[in-house]
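Engineer: Take a look at this one; I'll ask things after.
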Amino acid sequence: MPDKVQVPAADSVLRILSYLARQRASVPAATIATALDLPRSSTYQLLATLAEHGYVVNGDRRWALGVASHDLGSGYLRQQPLALVGRPLVSKLVDSLGESAHLAVLHGRDVVYVVEERAPGRPSLVTDVGVRLPAHLTASGRSMLGAMSREQVLAIFPDDASLATRGATTLTRRELRDELRHARERGYATERGDITAGLSSVAVPIIDRSGWPIASLAVTFPDSRTDVADIAAAMSATAAELSRRLRV
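Residue numbers for the sequence shown follow this note's numbering, beginning at 65 and rising by one.
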């Protein structure tokens, strides 16, 4: 058997990413270096390179995983586990609420839909599996963004120009901050007619063991429904169960 090829820099990068994935909050570079027994100078250089490619973000001299790291995880989920584990739970929720539901993951500035279960008699939606929509305009995207740190959101949307439009629907960063604040306060995100006129959506994040929003569960219904809080409560229970199963 050939000897293992040792690439110290690659090994250190993977250890840094694995360490950050286990943290519930951002941490100083010195803490990372100490925990992993790495030279501080090398740690700063590796973090700077990772930040350049979006794998980590830096705020107030503290470091956390960036969106590019999340994209790796969402790519894994898109390939099988989320759809396999989530579809039966989404189907059960659809039967309970009588409304269509879907699962989505964040990919860059978009959400990508990986599961859609349509309720009988409800109109077709634009959330077919594989469809991408601007994250900041959807309830699914807002629920995941709302579970991220300010630095992570700023890394995705550094300015107003980074906020894509859809038809006449626009959103500034100030308006997005308000939407995300409301989502955090309520525990769910909303969207009313921003994607399809006459339809509203509510979404809750699917959280992994490190506190990262790996996906979002959303339900879409006619604007005439007023029991949004009840819908969100049922969704939260489903999201919690899905989070638990994905951690096993």
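From the three backbone atoms N, C-alpha and C, an ideal C-beta is built for every residue, glycine too. No experiment lies behind these values; they were computed from the predicted model shown.
1. Leaving out five residues before and five after Asp223 in sequence, what residues of the same chain have Cβ atoms less than 8 Å from its Cβ?
2. Span of the beta strand (DSSP E) holding Gly123?
3. Measure from the alpha carbon of Arg186 to the alpha carbon of each residue in Leu161, Val169, Gly118, Tyr177, then state which is nearest.
4. Throw me the rounded Cβ distance for the Lys267 and Ala203 pair, which I believe falls under 8 Å.
5. Taking only three categories from DSSP, how would you classify His117?
6. Using 8 Å as the threshold, is the segment 176-190 in touch with the segment 99-106, meaning 3 or more CB pairs across them?
7. Is it right to say Ser155 is buried, meaning 16 or more other beta carbons lie within 10 angstroms of its own, or is it exposed?
8. Only counting the same chain, and skipping five residues up and downstream in sequence, which positions put a Cβ closer than 6 Å to that of Tyr252?
9. Just to confirm the assignment, what range does the beta strand (DSSP E) spanning Leu281 have?
10. Of the residues Arg206, Glu239, Ser264, Leu244, which one's Cα is nearest the Cα of His171?
11. Could you tell me which uninterrupted alpha helix (DSSP H) segments, each at least 4 residues in length, are contained entirely in the segment 181-250, listed from first to last along the chain?
12. In the structure shown, what three-state DSSP assignment does Pro66 receive?
13. Looking only at C-alpha atoms, which of Gly118, Arg256, Val179, Pro92 sits nearest to Gln216?
14. Using DSSP with H/G/I as helix, E/B as strand and the rest coil, what is Asp174?
15. Of all the CB atoms in chain B, is at least one closer than 7 Å to the CB of Thr284?
16. Which of the three DSSP states is assigned to Glu255 in this structure?
17. I believe Gln87 touches Ser274 by the beta-carbon criterion, under 8 Å. Please report the beta-carbon distance rounded to the nearest angstrom.
Structural biologist: Reading it off the structure:
1. Arg237
2. 120-123
3. Leu161
4. A small fix is needed here, since residue 267 is Ala in this sequence, not Lys. Indeed, because the Cβ distance is near 4 Å, the residues count as touching under 8 Å.
5. coil
6. no
7. exposed
8. Val266, Val268, Ala296
9. 277-286
10. Arg206
11. 203-210, 214-220, 237-250
12. Bear in mind that the predicted position of Pro66 carries a pLDDT of just 48, short of 50, making it unreliable; the figure below should be weighed with that in mind. Reduced to three states, the DSSP call for Pro66 is coil.
13. Gly118
14. strand
15. This model lacks chain B altogether; it includes just one protein chain.
16. strand
17. 7 Å
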